[in-house]
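**Q** Respectively, the protein sequence lines represent chains A and B. So the first sequence is numbered by my numbering: it starts at 170 and just counts up by one. So the second sequence is numbered by my numbering: it starts at 471 and just counts up by one.
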Amino acid sequence: QLAESGGGLVQAGRSLRVSCAASGFTFGDYAMHWVRQVPGKGLEWVSGIDWNSATTGYADSVKGRFTISRDNARNSLYLQMNSLRAEDTALYYCVKDMSPGPIGTQNGGMDVWGKGTTVTVSS
Amino acid sequence: SYDLNQPPSVSVSPGQTASISCSGDKLGNKYTCWYQHKPGQSPVLVVFQDNQRPSGIPARFSGSNSGNTATLTISGTQAMDEAVYYCQAWDYNTVIFGGGTKLTVL
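(1) Assign B/Gly485 to buried or exposed, taking buried as 16 or more other Cβ atoms, counted over all protein chains shown, within 10 Å of its Cβ.
(2) Whole-angstrom Cβ separation of A/Thr224 and A/Ile272, contact assumed at under 8 Å?
(3) Check distances from the C-beta atoms of the region 519 to 535 of chain B to those of chain A and list, in chain order, the residues that come in under 7 Å.
(4) Count the other C-beta atoms from every protein chain shown that fall within 10 angstroms of the C-beta of A/Asp229, then say buried if there are 16 or more, exposed otherwise.
(5) Rank A/Val231, A/Phe194, A/Leu253, A/Arg254 by C-alpha distance to the C-alpha of A/Val264 and give the top, closest one.
(6) So A/Met279 contacts chain B; which residues on that side make the cut at Cβ distance below 9 Å?
(7) What is the residue span of the beta strand (DSSP E) that A/Arg186 lies within?
(8) With DSSP as the reference, identify every bridge partner of A/Glu213, one or two as the case may be.
(9) With a cut-off of 8 Å, does the C-beta of B/Gly570 fall near any C-beta of chain A?
(10) Give me the Cα-Cα distance between B/Tyr501 and B/Asp520, rounded to the nearest whole angstrom.
(11) Got a sec? Which residues, its chain only, sit under 6 Å from B/Thr541 by beta carbon, not counting five neighbours each side?
(12) Listing by chain order, which chain A residues have their CB less than 7 Å from the CB of B/Tyr472?
(13) With 9 Å as the C-beta to C-beta threshold (strictly closer), list the residues of the region 238 to 272 of chain A near chain B in chain order.
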């Protein structure tokens, strides 16, 4: 129901955009997130966006470098990653929230996860 | 910044009850979720709003949250429950995950 794409190998300092195609639910009714996992490490929330793109949130580690966006007409979520660093190397999951938002008002959980797309940043 | 602290590992015998804690400042004032993550698979939401189970999650999974500690309880633990479990909460407009607890069923 969530299929990520666009990952790959990129040099440090360069940019990459990952995408997520949603199906099987009304995409425009829910907030969405990107969550990443460095191999062997825990889950780290990267960014979230509410149902109509009115509010967004970012982890401090990516603030000012990453931009989350969505296109409800295309049932798609995006993450534009600029000024990439070696520490951004991770598996990036696209995740559906149980509520529409705004970001910060959610009281549910993240109930649908994609399989992830791998981003590798070489230094 | 807000931190959620989990024990790195918990062990339990099959059929027994496993309890995994998650601590944070005044965590009881926030809603907590729990995710199960098995190797090679995507995480699965097992508890939301402290103690609610999504459809399809077995009744042996339950949660509580009070004071500074949230707890995930797995009653009658089965071998298939072996996984890493993460707690999660919101701090203002930021999502916080705990560091994860490896549950071993032996």
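Cβ atoms here follow ideal geometry from the backbone N, Cα and C, with glycine treated the same way.
**A** Short version:
(1) Mapped onto the second sequence, residue 485 of chain B falls at position 15. With fewer than 16 other Cβ atoms within 10 Å, it is exposed.
(2) Residue 224 of chain A sits at position 55 when you count from the first residue of the first sequence. Residue 272 of chain A sits at position 103 when you count from the first residue of the first sequence. Going by Cβ atoms, the distance from A/Thr224 to A/Ile272 rounds to 4 Å, so yes, they are a contact pair.
(3) Interface annotation for the region 519 to 535 of chain B against chain A: Gln519, Pro524, criterion Cβ-Cβ distance under 7 Å.
(4) Along the first sequence, read from residue 1 onward, the residue named residue 229 of chain A stands at position 60. So A/Asp229 ends up on the exposed side.
(5) Looking up residue 264 of chain A in the first sequence gives position 95. Here the closest residue by C-alpha is A/Phe194.
(6) Against the first sequence, residue 279 of chain A aligns to sequence position 110. Chain B residues near A/Met279: Cys503, Tyr505, Pro513, Leu515, Phe518, Gln558, Val565.
(7) The residue labelled residue 186 of chain A in the question sits at position 17 within the first sequence. Element bounds for A/Arg186: 185 to 191.
(8) Within the first sequence, residue 213 of chain A is the residue found at index 44, counting from 1. A/Glu213 pairs with A/Arg205.
(9) Counted from its first residue, the second sequence places residue 570 of chain B at position 100. It does: the Cβ of B/Gly570 has a partner Cβ on chain A nearer than 8 Å.
(10) Taking the second sequence and counting its residues from 1, one reaches residue 501 of chain B at position 31. Taking the second sequence and counting its residues from 1, one reaches residue 520 of chain B at position 50. Distance between the alpha carbons of B/Tyr501 and B/Asp520: 6 Å.
(11) Indexing the second sequence from 1 puts residue 541 of chain B at position 71. So the qualifying residues of the chain are Ser489, Ser491, Ser534.
(12) What you label residue 472 of chain B is simply residue 2 of the second sequence in a count that begins at 1. Listed along chain A is no residue with a C-beta nearer than 7 Å to that of B/Tyr472; the closest approach is about 11 Å.
(13) Tyr262, Val264, Met267, Pro271, Ile272
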